[in-house]
């Protein structure tokens with residue numbers, strides 16, 4: 004099970020923050036970026052084939068931010084493809100939801116995962132299992148990790164995990180429960196960063212900042228925060244993409260201002276800052 008993702012709206016600050024602690028087996032991972040005139044994101048990895056595909060997290064010129072978390076691999080295409088399509092073509096969370104539901108109702112199937120969408124005034128989680136789905140709307144916060152909360156997939160997921168001897172369902176539920184406990188009290192941008200560094204009862208496979216203690220275990224290899232300021236009806240959103248390589252409890256976040264529409268100089272500068 005991979006990654007802890009979510010979003011929170013800080014209404015008093017007129018900010019939306021979408022975030023993700025990305026968990027992988029390899030600590031030598033290097034992000035592959037997508038950046039064009041209207042959007043910025045980090046490429047996803049198909050958890051079945053290991054190939055680069057779609058987007059893992061990103062934001063577009065309208066101030067719509069999207070991230071995902073892995074639940075279970077299947078022979079179907081990865082949900083990273085949906086993440087990319089939403090960022091390319093949607094203008095807000097409701098638009099992204101409509102696009103996704105249309106594809107699922109048409110019969111298209113995807114690997115099991117969770118999509119988190121956030122804009123200036125709403126957030127939602129779309130749980131996906133094949134072409135089955137469930138939706139959670141929120142005006143304050145939404146969180147997901149490596150399981151579904153609303154879809155009835157626990158039994159199948161547990162059987163799959165036990166057969167492979169990998170990360171447990173319990174660890175994922177502990178992360179989400181701890182996340183809601185922390186984010187219930189978050190009222191500042193710094194509070195979001197602090198929560199992503201949290202270890203709960205100690206650094207482990209069940210902590211939000213995931214740590215491995217032996218080979219074959221995942222750990223948080225990169226932490227992302229998309230910070231969006233919403234200036235009002237006539238102004239454009241101001242976007243800063245924060246990234247920390249390695250466990251966020253010890254890594255330093257780099258802040259990368261994003262300007263849309265982006266020309267070649269803007270894109271080049273953002274790429275340089277990301278890998279500095």
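Residue numbers (our numbering): 4 to 279.
All C-beta atoms in this analysis are idealised placements derived from N, C-alpha and C, irrespective of residue type, glycine included.
Between which two residues does the alpha helix (DSSP H) harbouring residue 181 extend? Counted as a single uninterrupted DSSP element, the alpha helix (DSSP H) harbouring residue 181 occupies residues 172-186.
Can you tell me whether residue 187 is buried or exposed? The criterion is at least 16 other CB atoms within 10 Å of its CB, across all chains shown. In summary, residue 187 is exposed, with fewer than 16 beta-carbon neighbours lying within 10 Å of its beta-carbon over all protein chains present.
Between which two residues does the beta strand (DSSP E) harbouring residue 146 extend? 144-147 is the span of the beta strand (DSSP E), which, as asked, contains residue 146.
DSSP-derived helix/strand/coil call for residue 204: Reduced to three states, the DSSP call for residue 204 is coil.
What separation, rounded to the nearest whole angstrom, lies between the Cα atoms of residue 227 and residue 75? Going by the C-alpha atoms only, they are around 22 Å apart.
Sequence-distant residues of its chain with Cβ nearer than 6 Å to residue 132 (five each side left out): So the qualifying residues of the chain are 115, 154 and 156.
Taking the continuous alpha helix (DSSP H) assigned at residue 271, which residues delimit it? Looking at the DSSP string, the run of the alpha helix (DSSP H) that includes residue 271 is 267-277.
Residue 104: first and last residue of the uninterrupted alpha helix (DSSP H) it sits in: 96-108 is the extent of the alpha helix (DSSP H) around residue 104.
Given a cut-off of 8 Å, decide if residue 36 and residue 25 are closer than it, judged by their beta-carbon atoms. Between residue 25 and residue 36, the CB-CB gap reaches or exceeds 8 Å.
Endpoints, beta strand (DSSP E) assigned at residue 194: Segment 192-199 is the alpha helix (DSSP H) holding residue 194; no beta strand (DSSP E) there.
Should residue 231 and residue 142 be called a contact, given that it needs their Cβ atoms to be closer than 8 Å? With respect to residue 142, residue 231 sits apart: the two C-beta atoms are not nearer than 8 Å.
If we count Cβ pairs, one from each stretch, closer than 8 Å, do we get three or more for the stretch 251-269 versus the stretch 47-60? Judged by pairs of C-beta atoms under 8 Å, the stretch 251-269 does not touch the stretch 47-60, as fewer than three such pairs exist.
With a Cβ-Cβ cutoff of 8 Å, do residue 122 and residue 95 count as a contact? Contact: yes.
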